[in-house]
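According to this note's numbering, the residues represented by the sequence shown are 570 to 858, in order.
Structure first, then comments.
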Amino acid sequence: MEQALENFDMCTDLLQSQEAKACKGEENGDVIVIKLPNLQLDSTVSVEEIENSLTALERCQSLEEIQRLHDIGDYSSVVRLVCPTLCMSGYHRNKHLDLMTSPPERPAQLLLMQDSLLKLSDFRQCFQCSEVALNEAIQQMMNSTSGASKEEWVATATQLLTGIDLSLSSDSCILQESTVTAQLVRLCSNLIQLIDFSMAVQEETKEPSLSSVLPWIILHRIIKHEEETLHSMCQHTDFKEENSGTPLLPSSLMILNTAHEYLGRRSWCCNSDGALPKFYVSFGSGGLP
């Protein structure tokens with residue numbers, strides 16, 4: 570035992586040394602790694618491994634505690650506990666996936682966080698956090714080898730899409746924020762990936778699939794915003810659009826027509842509680858929700 574404690578102190582001193590800190594600050598520098606040959610699990614110790622373990626530990630915040638806070642209406646505390654566990658910064662993809670070794674309660678944590686933000690009517694933060702959570706859910710869904718796990722992450726992604734769409738419909742100024750520009754790029758990429766994933770699944774297969782119409786609707790909202798921004802810019806400049814003689818459908822309307830075509834093949838047009846037909850009616854009546 571004394572030798573183990575002595576070796577532990579030696580490892581601690583080494584990892585906290587100036588040399589270790591210098592290596593950490595260099596992108597291509599050699600990383601100090603301590604090998605523990607008598608262990609089969611976690612047989613290597615490094616600063617990065619420790620940081621990853623600490624991040625995973627933060628994610629293991631008791632689901633019962635978060636659920637209790639949610640049940641008593643302490644939504645701010647739920648947000649305070651769960652939001653820091655999101656990968657908000659631009660992690661390298663491989664490192665990001667390493668940090669996403671999620672505990673079984675992770676989907677419930679993300680949904681409780683989103684619901685708490687909606688209860689607080691903080692639609693801007695709800696959009697930002699839900700987009701990050703959706704990115705995590707999609708990565709987990711695509712990398713899941715267990716059918717039950719994939720099905721749970723599909724359900725989580727579906728619910729996160731509901732919160733994102735509700736946030737955008739409740740606060741029309743969200744898309745105008747310059748701080749969400751980078752998120753919109755990733756969100757569009759993920760929405761297209763979800764559409765491709767849902768359309769690629771064979772109808773006869775028992776593999777979990779995402780049958781929500783919300784990816785199409787959210788894409789429409791983003792494209793419509795970009796069209797309005799471009800139109801506004803053209804009005805303030807001398808730029809004039811070329812008139813080809815034949816009026817073209819705007820991209821935002823084309824995406825809805827494409828959605829109807831693809832979803833109709835699988836009889837999914839009325840999925841998500843009839844969100845697409847309702848959206849069509851709202852769009853056709855002269856005002857977007």
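Where is the CB? At the ideal position from N, CA and C, for every residue including glycine.
In the three-state DSSP reduction, residue 614 falls in the strand class (E or B). Taking the C-beta atoms as reference points, residue 648 is found nearer than 9 angstroms to residue 685. Residue 726 is classed as buried because its beta carbon has at least 16 other beta carbons within 10 Å across all chains shown. Residue 600 places its beta carbon 9 angstroms or farther from that of residue 614. Looking at the DSSP output, residue 743 sits in no beta bridge, so it has no partner there.
In its chain, beyond the 5 residues on either side, no residue has a beta carbon closer than 7 angstroms to the beta carbon of residue 718. Taking the C-beta atoms as reference points, residue 756 is found nearer than 9 angstroms to residue 700. Per DSSP, the continuous alpha helix (DSSP H) segment holding residue 820 begins and ends at 820-834.
In this structure, residue 828 places its C-beta atom within 9 angstroms of the C-beta atom of residue 786.
Looking only at 715, 720, 691, 676, the smallest Cα-Cα distance to residue 703 is reached by 676. Counted as a single uninterrupted DSSP element, the alpha helix (DSSP H) harbouring residue 785 occupies residues 783-804. The Cβ-Cβ distance between residue 794 and residue 744 falls below 9 angstroms. In the three-state reduction of the DSSP assignment, residue 603 falls in the strand class, which pools E and B.
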